[in-house]
Amino acid sequence: MVVCKTPRLLIEPSLATGICPGCGYGIIKRLLAEVLEELVIDEEAIGVYGIGCTGYVTRHFDIDWLWAQHGRAPASATAIKRLQPEKIVITVQGDGDLCAIGCSEVIHAAVRNEKITVFFLNNGIYGMTGGQMAPTTLPDQITTTSPQGKSPELAGMPMKMTEMISVLPVAYVARGAIYNPAEIRKTKGYMKQALEAQVNNEGFSLVEILSPCPTNWHMTPVKAMERIKNKVVPYYPLGEMVTKGGES
Amino acid sequence: MAKVIMRGNQALAEAALRAGCRFFCGYPITPQSEIMEYLAARMPEVGGHFVQSESEVAAGSMLLGAATTGFRVMTGSSGTGFTLKQDAISWMASYDLPGVFVNVCRYGSGLGQSTKAGQDAYLQATKGGGQGCYRPLVYGPGSCQEMVDLMALTFEKAEQYRTPVILLSDGALGQMMEPVELPEYQEPDGDKPWALKGKGKGKGRRLISPQRTDPLYEQHLREKCAHIAATEQRWEAVQTEDAEVILVAYGISGRVCKEAVRVARAKGLKLGLIRPISLWPFPTKPFEQVVETAKGFLVVEMSALGQMTEDVALSVKCQKPVYLYPSGPTPPKGNVILQMVEDILQGKLKEVF
């Protein structure tokens, strides 16, 4: 009986992933490999990834990849999909990349209803640069640029990009988490539906995934997962926000 | 093919289409907008793609993505908008990705003057306005016909050297109407070795800058730039052999200077013109031939401070004086040029180098 199998898209499993212990990106990377394999779309897939730790999701991941300018993956993906509509074009972006510097690009890709799929990995912090405050950082959260805790008065409340996009007539929008096996399974389902929306030519699809960053949250991996369940999810509720149920 | 009357911007756009360009993205900005308006209508007719981007920055990133498909792709802008595209140019250079950036230059820093032509994007274009070391080829057409003729060359050179290439037009050339002869259509071809097409039955490929993977990247870049500098110089020389003073001007100013040479010669003044067509590489070769015989060089351009003067001084290795007529936001005047030439000959004009 097979109890554990490495997806065939994750090559060189013995090499370093670059991912910190307890980071959620390893789980998300595996889910992405599984859904691309299960939908048998990896041969046509072109991934566009942002600046930051999302690059680790693409490491030793056997599809074609383009490393985009910071925040601009949806703009580059737009052109790739327009010129090659038969390809499956995805972006993998963190919350700093997508909500801050790339805010405009993702919104307008959604407005144009580009037939691309955005995977939005939200850990509420700038991980790669050492834990600075992001637009998704929760109130009172201590980061290197909010040393007294994030002040809603000065920095505003956390940005709800997924909700903002969900008011547009796009194909599929959902938010998932990965803090326990049940949520991991649900999130995988969202990712699959988002890609199916692209396969069926329905339009723009986006899945936000709440992910822990124990290193920059200064927590154990278990505490970081608990924090998502107890503190992050109440502000960022989980579930599907836009579905077209296969209609195009 | 019979000649047709076309506005410069539209002639450029039609020539790009005929060179096989099948993707254009851009953001409205005067005096470039006619290029995007023309291609918004024409691209769908040939099965191509037009995207009006949400910003100049996004247009640059769209072009980067488009270039990864292997097709011929182009964007256009002007002034402040072109500045916002510098990051994409630097990134495409770092990826060895070909693509064409048109700058229909308007005058001035900051907002500038949208309805005034300018030639003060020369340094930004030729020295690289983005981060790091890279050198896009830059062409400066002097007429609508030359704009058409350079368009196909621009795409060819972009692919040959796998680099972004800049076509530096200006508001006057973009808006003027002239008879042009258009070339035949080239078939678009996205089947290129650098293109990302999905891995298919092969292995996944990552487009990553060779500066992160090639230990000899710097040497390869130096060799590539040296090769381009040696082999890709283009210019027009007008009566330079016996000239005592040689005008140096590109684009719209080059036209005025050509007429000034004609008038000067009729008066018995030994005036010549070197009109650079490639701005990078700067055409140093025509200067080698005349640096001994000419008494001085007068740079004529629509800027405030003079942007091409250093390149001219370096081309003559500072052996002869270089003078400047910076005409600002109005085209240079023939009578001013002739007066300055007489002043140079009488030793009354101060050189800048």
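Just so you know, the protein sequences line up as chains A and B, in that order.
Our numbering puts the first residue of the first sequence at 79, with every later residue one more than the last.
Our numbering puts the first residue of the second sequence at 90, with every later residue one more than the last.
Quick reminder that beta carbons are idealized off the backbone N, C-alpha and C, glycines included.
From a predicted model like this one, the values you see are computed outputs, not experimental measurements.
Cutting at 8 Å between CB atoms, please list the residues of its own chain near residue 327 of chain A, excluding the five before and the five after it. It is not possible to answer for residue 327 of chain A, since the shown part of chain A is limited to 79 through 326.
Spell out whether any CB of chain B is found under 8 Å from the CB atom of residue 147 of chain A. The count along the first sequence starts at 1 and reaches residue 147 of chain A at position 69. Chain B contact via Cβ: present.
Which chain E residues are close to residue 229 of chain A, counting only those with a beta carbon under 8 Å from its beta carbon? Looking for chain E here will not work: the only protein chains present are A and B.
DSSP bridge partner residues for residue 171 of chain A (one or two, in chain order): Working through the first sequence from its first residue, we reach residue 171 of chain A at position 93. As a beta-bridge residue in DSSP terms, residue 171 of chain A pairs with A:198.
Mind checking if residue 248 of chain B is an interface residue toward chain A, Cβ cutoff 8 Å exclusive? As a first step, residue 248 of chain B is located in the second sequence; it is residue number 159 there, counting from the start. Chain A has no Cβ within less than 8 Å of the Cβ of residue 248 of chain B.
List the residues of chain A that residue 130 of chain B touches, going by C-beta distances under 8 Å, in chain order. Numbered from 1 along the second sequence, position 41 holds the residue referred to as residue 130 of chain B. Those do not exist, as residue 130 of chain B stays about 17 Å from chain A at its closest Cβ, beyond 8 Å.
Inter-residue Cα distance where the pair is residue 215 of chain B and residue 399 of chain B: In the second sequence, the residue the question calls residue 215 of chain B occupies position 126. In the second sequence, the residue the question calls residue 399 of chain B occupies position 310. The C-alpha of residue 399 of chain B is placed about 12 Å away from the C-alpha of residue 215 of chain B.
Between which two residues does the beta strand (DSSP E) harbouring residue 86 of chain A extend? Residue mapping note: residue 86 of chain A aligns to position 8 of the first sequence, counting from 1. Per DSSP, residue 86 of chain A lies in no beta strand (DSSP E) segment and is marked neither H nor E.
If you draw a straight line from the alpha carbon of residue 141 of chain B to that of residue 115 of chain B, how long is it in whole angstroms? On the second sequence, residue 141 of chain B is found 52 positions in, with the first residue counted as 1. On the second sequence, residue 115 of chain B is found 26 positions in, with the first residue counted as 1. If you take the alpha carbons of residue 141 of chain B and residue 115 of chain B, they lie about 5 Å apart.
DSSP state of residue 340 of chain B mapped onto helix, strand, coil: Here residue 340 of chain B is taken as the residue at index 251 of the second sequence, counted from 1. Helix at residue 340 of chain B.
For residue 192 of chain B, does the three-state DSSP call read helix, strand or coil? The count along the second sequence starts at 1 and reaches residue 192 of chain B at position 103. Reduced to three states, the DSSP call for residue 192 of chain B is strand.
Strictly by DSSP, which residues pair up with residue 114 of chain B? Here residue 114 of chain B corresponds to residue number 25 of the second sequence, with the count starting at 1. According to DSSP, residue 114 of chain B bridges with B:140 and B:164.
On the criterion of 16 or more Cβ atoms from any shown chain inside 10 Å, does residue 119 of chain A qualify as buried, or is it exposed? Position 41 of the first sequence, counting from 1, holds the residue named residue 119 of chain A. Classification for residue 119 of chain A: buried.
Contact list for residue 141 of chain A against chain B, beta-carbon separation under 7 Å: The sequence position of residue 141 of chain A within the first sequence is 63, counting from 1. The answer, in chain order, is 288 and 293.
Give me the subset of the segment 150 to 162 of chain A whose CB atoms are less than 7 Å from a CB atom of chain B, sorted by chain position. Hits within the stretch, in order: 150, 153, 154, 155, 156, 157, 158, 160, 161 and 162.
Residue 271 of chain B - containing alpha helix (DSSP H), residue span: The count along the second sequence starts at 1 and reaches residue 271 of chain B at position 182. Annotation for residue 271 of chain B: no alpha helix (DSSP H) segment contains it, and DSSP assigns it neither H nor E.
Nearest candidate by alpha-carbon position, reference residue 386 of chain B, set B:371, B:412 and B:395: To locate residue 386 of chain B, count along the second sequence from 1; it is residue 297. The shortest C-alpha separation from residue 386 of chain B is found at B:412.
Kindly list, in the order they appear in chain A, the residues whose Cβ is closer than 8 Å to that of residue 151 of chain B. Indexing the second sequence from 1 puts residue 151 of chain B at position 62. By Cβ distance, chain A contributes 153, 154, 156 and 157.
Can you grab the Cα-Cα spacing for the pair residue 233 of chain A / residue 213 of chain A, in whole Å? Numbered from 1 along the first sequence, position 155 holds the residue referred to as residue 233 of chain A. Numbered from 1 along the first sequence, position 135 holds the residue referred to as residue 213 of chain A. One Cα belongs to residue 233 of chain A, the other to residue 213 of chain A, and the distance between them is close to 8 Å.
Identify, in the order they occur along the chain, each residue of the same chain with its Cβ nearer than 8 Å to the Cβ of residue 391 of chain B, setting aside the five sequence neighbours on each side. Indexing the second sequence from 1 puts residue 391 of chain B at position 302. Counting only residues of its own chain and dropping the five nearest sequence neighbours on each side, residue 391 of chain B has a CB closer than 8 Å to the CB of 196, 206, 207, 208, 209, 259, 341, 342, 415, 416, 417, 418, 419, 420 and 421.
Name, going along the chain, the residues of the segment 166 to 197 of chain B whose beta-carbon falls closer than 8 Å to a beta-carbon of chain A. Result list: 176, 177 and 180.
Give the single residue among B:330, B:244, B:182 and B:325 whose Cα lies nearest to the Cα of residue 307 of chain B. As a first step, residue 307 of chain B is located in the second sequence; it is residue number 218 there, counting from the start. Nearest option by C-alpha distance: B:182.
State yes or no: is the C-beta of residue 154 of chain A within less than 8 Å of the C-beta of residue 153 of chain B? Locating residue 154 of chain A in the first sequence gives position 76, where the first residue counts as 1. Locating residue 153 of chain B in the second sequence gives position 64, where the first residue counts as 1. For the pair residue 154 of chain A and residue 153 of chain B, the CB atoms are nearer than the 8 Å cut-off.
Inspect the beta-carbon positions of residue 370 of chain B and residue 185 of chain B and report whether they are closer than 8 Å. Reading the second sequence from its first residue, position 281 is the one you call residue 370 of chain B. Reading the second sequence from its first residue, position 96 is the one you call residue 185 of chain B. Their beta carbons are not under 8 Å apart, which means residue 370 of chain B does not touch residue 185 of chain B by this criterion.
Drop a sphere of 10 angstroms on the beta-carbon of residue 120 of chain B, count the other beta-carbons inside from all chains shown, and report buried for 16 or more, exposed for fewer. The count along the second sequence starts at 1 and reaches residue 120 of chain B at position 31. It counts as buried.
Please check if any C-beta of chain A sits within less than 8 Å of the C-beta of residue 404 of chain B. The residue you call residue 404 of chain B lines up with position 315 of the second sequence. No, residue 404 of chain B does not count as interfacial toward chain A.
Rounded to whole angstroms, what's the CA-CA distance from residue 436 of chain B to residue 430 of chain B? Just pull it up for me. As a working note, residue 436 of chain B is residue 347 in the second sequence. As a working note, residue 430 of chain B is residue 341 in the second sequence. Taking the straight line from one Cα to the other gives about 10 Å.
Do you know offhand how far residue 359 of chain B's Cα is from residue 324 of chain B's? As a position in the second sequence, residue 359 of chain B is number 270, starting the count at 1. As a position in the second sequence, residue 324 of chain B is number 235, starting the count at 1. The alpha-carbon atoms of residue 359 of chain B and residue 324 of chain B are separated by roughly 20 Å.
Tell me where the alpha helix (DSSP H) around residue 363 of chain B begins and ends. For this step, residue 363 of chain B is matched to residue 274 along the second sequence. Unbroken run through residue 363 of chain B is the beta strand (DSSP E), 360 to 365; no alpha helix (DSSP H).
Going by C-alpha distance, which of A:223, A:303 and A:315 is nearest residue 240 of chain A? Reading the first sequence from its first residue, position 162 is the one you call residue 240 of chain A. Cα-wise, what sits closest to residue 240 of chain A is A:315.
Suppose contacts are defined by Cβ-Cβ distances below 8 Å. Is residue 275 of chain A in contact with residue 252 of chain A by that definition? On the first sequence, position 197 is the one that residue 275 of chain A refers to. On the first sequence, position 174 is the one that residue 252 of chain A refers to. No, Cβ-Cβ distance for residue 275 of chain A and residue 252 of chain A is not below 8 Å.
Taking only runs that begin and end inside the segment 215 to 274 of chain B, name each unbroken alpha helix (DSSP H) of 4 or more residues, in chain order. Whole alpha helix (DSSP H) segments, 4+ residues: 233 to 250 and 260 to 264.
Along chain A, which residues have their Cβ under 8 Å away from the Cβ of residue 114 of chain B? Sequence index remark: in the second sequence, residue 114 of chain B carries index 25 (1-based). Correct list: 157.
Own chain residues within Cβ distance below 7 Å of residue 139 of chain A, not counting five before or after: Here residue 139 of chain A refers to the residue found at position 61 when the first sequence is read from its first residue. Excluding residues within five positions, the ones whose Cβ falls inside 7 Å are 87, 88, 107 and 111.
Chain-ordered neighbours of residue 284 of chain A on chain B, where CB pairs are closer than 8 Å: Mapped onto the first sequence, residue 284 of chain A falls at position 206. Around residue 284 of chain A, no beta-carbon contact reaches into chain B at under 8 Å, the shortest distance being about 17 Å.
3-residue-minimum beta strand (DSSP E) runs that sit fully inside the segment 105 to 186 of chain A, ordered along the chain: Scanning the segment 105 to 186 of chain A from its first residue to its last, the whole beta strand (DSSP E) runs of 3-plus residues come out as 123 to 127, 142 to 145 and 166 to 172.
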